[in-house]
Amino acid sequence: MTRDVFEKWLKDWDTQLAEQGHKACLLVDNCSAHHTDVPLKNIELKFLPPNTTSKLQPLDPGIIRAFKATYKRRLTEKLLLKLRMGQDLKIDLLTAIQMLKGAWDDVKQETIANCFRHARFVVGAEESFEEDETSEDFDEPALERRGASSHVLWVLCQRA
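First residue of the sequence shown: 2, per my numbering; consecutive thereafter.
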């Protein structure tokens with residue numbers, strides 16, 4: 002992420018929010034790219050305190066984990082299908098991006114809400130933190146039952 006990329010994205014989103022009549026508060030970490038003087042009318046930037054990633058950033062505890070697990074599942078299914086059909090195991094950029102989008106779309110709203118609750122961004126948040134079942138580590142036994150392992154797929158991908 003660069004400051005220029007972040008500023009362009011912010012300006013575009015600010016314009017979109019203005020057209021929709023919405024306002025937003027965007028929580029960002031202290032990455033140097035996030036420090037900007039871009040005048041925003043519909044977005045208020047709030048910076049998390051330094052060195053609080055593990056406690057306050059709601060993406061860290063479960064959202065990214067759920068996203069990665071879902072992406073790994075999609076990638077494995079795609080590779081197994083290619084393997085069964087005798088196709089080249091390479092994944093082109095468009096397919097990878099489509100799988101990433103699908104993985105993000107599969108992250109449940111409840112998972113996101115739970116992560117914000119866990120980070121204490123919700124007033125009266127409970128102590129408990131329930132993770133989405135998709136946030137479990139990659140299911141190696143299920144993959145092996147399908148006739149492959151992630152190690153085998155990794156080796157095959159490296160050879161491709």
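C-beta: ideal position from N, C-alpha, C; glycine also.
For cysteine 32, tell me which candidate among Leu95, Leu49 and Leu76 has the shortest Cα-Cα distance. Leu49
Let me know the beta strand (DSSP E) ranges lying completely inside the region 18–99, each 3 residues or longer, listed in chain order. 25–29 and 44–48
By Cβ distance below 6 Å, which residues in the same chain neighbour lysine 83 in space, the five residues on each side in sequence not counted? Leu90
Taking 8 Å as the threshold (C-beta atoms), are lysine 24 and asparagine 52 in contact? no
For lysine 12, which three-state DSSP category applies? helix
Within 10 Å of its beta-carbon, does arginine 66 have 16 or more other beta-carbons around it, so buried, or fewer, so exposed? buried
Hey, quick one: how far does the alpha helix (DSSP H) through threonine 3 stretch, first residue to last? Unbroken run through threonine 3: none, as it is neither H nor E.
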